[in-house]
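Following: one structure in structure tokens, then a few remarks.
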Amino acid sequence: MYDLVVVGVGPAGARLARRTAEAGYDVLALEKGTVGTPLACSGHVSTDIWDYVPEGSAADLRQNRVFGANFHLGGPGSRAYPFYKTDEVSNVIDRVALDRTLADAARAAGADVREGHTVTGVTVADDRATVTARADGGTVTFETRLVAGCDGPASRVRREAGLPEPSETLHGVLAFDETPDHGDFVDVHLTVPRFFAWRIPRGDAGVEYGLAAPPGADVTERFERLTDAYGVETDRRCSGGIPIGPPDTVTGDRVFLVGDAAAQTKPFTGGGILYGMTAADRAAETIDPDDPTTLAAYERAWRAELGREIRLGGLIRRAYSLPDPVQRLGLGALDGEIGVHMDRPTSFFSAAHLRALAGGLLPWRGDDDPTRTDAGQSE
Numbered sequence: 001m002y003d004l005v006v007v008g009v010g011p012a013g014a015r016l017a018r019r020t021a022e023a024g025y026d027v028l029a030l031e032k033g034t035v036g037t038p039l040a041c042s043g044h045v046s047t048d049i050w051d052y053v054p055e056g057s058a059a060d061l062r063q064n065r066v067f068g069a070n071f072h073l074g075g076p077g078s079r080a081y082p083f084y085k086t087d088e089v090s091n092v093i094d095r096v097a098l099d100r101t102l103a104d105a106a107r108a109a110g111a112d113v114r115e116g117h118t119v120t121g122v123t124v125a126d127d128r129a130t131v132t133a134r135a136d137g138g139t140v141t142f143e144t145r146l147v148a149g150c151d152g153p154a155s156r157v158r159r160e161a162g163l164p165e166p167s168e169t170l171h172g173v174l175a176f177d178e179t180p181d182h183g184d185f186v187d188v189h190l191t192v193p194r195f196f197a198w199r200i201p202r203g204d205a206g207v208e209y210g211l212a213a214p215p216g217a218d219v220t221e222r223f224e225r226l227t228d229a230y231g232v233e234t235d236r237r238c239s240g241g242i243p244i245g246p247p248d249t250v251t252g253d254r255v256f257l258v259g260d261a262a263a264q265t266k267p268f269t270g271g272g273i274l275y276g277m278t279a280a281d282r283a284a285e286t287i288d289p290d291d292p293t294t295l296a297a298y299e300r301a302w303r304a305e306l307g308r309e310i311r312l313g314g315l316i317r318r319a320y321s322l323p324d325p326v327q328r329l330g331l332g333a334l335d336g337e338i339g340v341h342m343d344r345p346t347s348f349f350s351a352a353h354l355r356a357l358a359g360g361l362l363p364w365r366g367d368d369d370p371t372r373t374d375a376g377q378s379e
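Read left to right, the sequence shown gives residues 1 to 379 (the UniProt record's numbering).
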């Protein structure tokens, strides 16, 4: 019997498998296909990502450094409201390579990571859980003390355990232009109902274009309008669900959810890589497979770490739907140098950001501001 079966080997699942294996538990991690594919997520992350990968991985994973974002209320030719830092805000990474690097780290820690295993069922008894999967044309079963559902927005584990769904699931689509772009600003277009579209320069790897919208919006048509406005042809198009709003509980009898399966994502961007790995760390620190009642400690721990950020992120997202005149007023008042961390909305109230706001009110703010540079912005 395993101590833990992890279903899904994306960043959250790989991190959980690594941390629990390092703690001495017997861990099995199952991925339905090949780790890292198909791609269904952007690779734009905060620099905190390097705290979660093996030392020395940055050189192979990093594609570009980002110092800020240009916000638009229209298309590519519309006025840009720049928000920036003098140091790196974020990095663009090879998303497929990230997943494989994290999975290799889990293997190195002692976890049994198996690809080509599609989980089809989870049943729970008083003293164990049973996981059923398809592999190599047949059916295999695994006995375990606990099951971790790290299997994404349409989580099979969540469904099998009868756990509640996220508050909503957006439809996201992204694709790539192979033309190299070393610009160090991303572009954000607040032109999509209740969300946004984006353009991310990836250095030699080209440019990523994407958008997300609530169900019912014509995402494909909106995406084509975006790329037409930029005058580009894209390939490698992919899409997927983006869960927003964690349910009231992400734990059940011998089952718990981590990452996108638990909607542990940023409501204002949809990103979940760092939040999912943070929750995985809280799970590894609090859960004892021999004592399923410790699942309640995990529920408390991850909400204490991320709950406030998610709630405030939801408020930020509401601003995307304000009337244009209000948005223009807000963006015009706040653009410039910032002290905000892209994963922590609470940092809007940090001393660093308040100092940046105060500096923005000085008489020279604007085109003659000596602290601002637009030299690295994407064209």
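Think of the CB as a built atom: it goes at the ideal place given N, C-alpha and C, for glycine as much as any other residue.
Can you list, in chain order, the residues of its chain with a C-beta nearer than 7 Å to that of residue i? Leave out the 5 residues immediately preceding and following it.
{"i": "Met1", "result": "Arg128, Glu143, Thr144 and Arg145"}
{"i": "Glu305", "result": "Thr278 and Arg282"}
{"i": "Pro289", "result": "Asp3, Leu4, Tyr25, Arg145 and Leu146"}
{"i": "Ile93", "result": "Gly43, Val45, Ile49, Leu61, Arg62 and Gln63"}
{"i": "Met342", "result": "Ser46, Val89 and Ser90"}
{"i": "Ala58", "result": "Trp50"}
To which residues of the same chain is residue i closer than 8 Å at the C-beta, ignoring the five residues directly before and after it?
{"i": "Thr179", "result": "Gly206, Val207 and Val232"}
{"i": "Phe195", "result": "Leu170, Leu211, Ala212, Ala213, Pro214, Gly270, Arg317 and Tyr320"}
{"i": "Glu88", "result": "Thr47, Arg65, Val66 and Phe67"}
{"i": "Thr141", "result": "Thr130, Val131, Thr132 and Ala133"}
{"i": "Ala23", "result": "Ala284"}
What's the gap between the Cα of residue i and the Cα of residue j?
{"i": "Ser347", "j": "Phe185", "result": "20 Å"}
{"i": "Arg308", "j": "Ser46", "result": "18 Å"}
{"i": "Cys150", "j": "Cys238", "result": "20 Å"}
{"i": "Phe67", "j": "Arg344", "result": "16 Å"}
{"i": "Glu160", "j": "Gly241", "result": "19 Å"}
{"i": "Pro76", "j": "Ala280", "result": "38 Å"}
{"i": "Pro201", "j": "Ser42", "result": "12 Å"}
{"i": "Thr234", "j": "Val173", "result": "12 Å"}
{"i": "residue 433", "j": "Pro193", "result": "Any question about residue 433 goes unanswered here, given that the chain covers just 1 to 379."}
{"i": "Pro82", "j": "Ala175", "result": "24 Å"}
{"i": "Tyr230", "j": "Arg355", "result": "36 Å"}
{"i": "Phe349", "j": "Gly110", "result": "41 Å"}
{"i": "Leu312", "j": "Val340", "result": "13 Å"}
{"i": "Ala125", "j": "Asp136", "result": "27 Å"}
{"i": "Asp112", "j": "Ala296", "result": "26 Å"}
{"i": "Arg18", "j": "Leu322", "result": "43 Å"}
{"i": "Gly332", "j": "Ile273", "result": "30 Å"}
{"i": "Thr130", "j": "Ser78", "result": "55 Å"}
{"i": "Gly8", "j": "Arg222", "result": "31 Å"}
{"i": "Gly10", "j": "Tyr52", "result": "13 Å"}
{"i": "Val250", "j": "Glu115", "result": "25 Å"}
{"i": "Val122", "j": "Ile244", "result": "24 Å"}
{"i": "Gly138", "j": "Asp177", "result": "40 Å"}
{"i": "Leu329", "j": "Lys32", "result": "48 Å"}
{"i": "Leu28", "j": "Val6", "result": "6 Å"}
{"i": "Tyr84", "j": "Glu337", "result": "5 Å"}
{"i": "Val255", "j": "Arg236", "result": "35 Å"}
{"i": "Thr86", "j": "Gly183", "result": "15 Å"}
{"i": "residue 384", "j": "His117", "result": "Beyond the ends of the chain as shown, which are 1 and 379, falls residue 384; an answer cannot be given."}
{"i": "residue 419", "j": "Ala148", "result": "What is shown of the chain runs 1 to 379, which leaves residue 419 out entirely."}
With distances taken from CA atoms, which of the options is nearest residue i?
{"i": "Pro153", "options": "Gly307, Glu22, Thr20 and Gln264", "result": "Gln264"}
{"i": "Asp60", "options": "Asn91, Ala280 and Asp218", "result": "Asn91"}
{"i": "Leu301", "options": "Tyr275, His72, Gly339 and Asp253", "result": "This sequence places Ala at residue 301; Leu is not what is there. Here the closest residue by C-alpha is Tyr275."}
{"i": "Glu285", "options": "Gly10, Val9, Thr20 and Val7", "result": "Thr20"}
{"i": "Asp260", "options": "Ser78, Ala217, Arg158 and Asp181", "result": "Arg158"}
{"i": "residue 385", "options": "Tyr84, Ser78 and Glu165", "result": "Outside the shown range of the chain, which is 1 to 379, sits residue 385, and nothing can be said about it."}
{"i": "Gly216", "options": "Glu115, Val122, Glu168 and Val9", "result": "Glu168"}
{"i": "Gln327", "options": "Gly74, Val250, His117 and Ala148", "result": "Gly74"}
{"i": "Ala40", "options": "Glu22, Thr86, Arg95 and Ser57", "result": "Arg95"}
{"i": "Ala80", "options": "Arg254, Leu190 and Glu224", "result": "Leu190"}
{"i": "Ile310", "options": "Ala262, Gly56 and Arg236", "result": "Ala262"}
{"i": "Arg303", "options": "Pro246, Pro292, Pro325 and Glu22", "result": "Pro246"}
By Cβ distance below 6 Å, which residues in the same chain neighbour residue i in space, the five residues on each side in sequence not counted?
{"i": "Pro54", "result": "Ala105"}
{"i": "Ile287", "result": "Thr294 and Tyr298"}
{"i": "Val188", "result": "Ala69, Phe71, Phe196 and Trp198"}
{"i": "Thr227", "result": "Tyr209 and Thr234"}
{"i": "Asp204", "result": "Pro180"}
{"i": "Phe268", "result": "Gly313, Ile316 and Arg317"}
{"i": "Arg156", "result": "Val119"}
{"i": "Ala352", "result": "Gly339"}
{"i": "Leu163", "result": "Gly252"}
{"i": "Lys266", "result": "Gly313"}
{"i": "Val219", "result": "His171, Val173 and Ala213"}
Can you round the beta-carbon distance between residue i and residue j to whole angstroms, since I take them to be within the 8 Å contact cut?
{"i": "Leu30", "j": "Ala133", "result": "6 Å"}
Is the Cβ of residue i closer than 8 Å to any Cβ of chain B?
{"i": "Arg344", "result": "Checking the listed chains, one finds no chain B in this structure; it contains a single protein chain."}
Item checked: Meets three-Cβ-pair contact criterion under 8 Å: the segment 9-24 and the segment 100-113 -> yes
Note to self: Under 8 Å, with one C-beta from each stretch per pair, do the segment 27-46 and the segment 89-100 reach the 3-pair mark?
What the structure shows: yes
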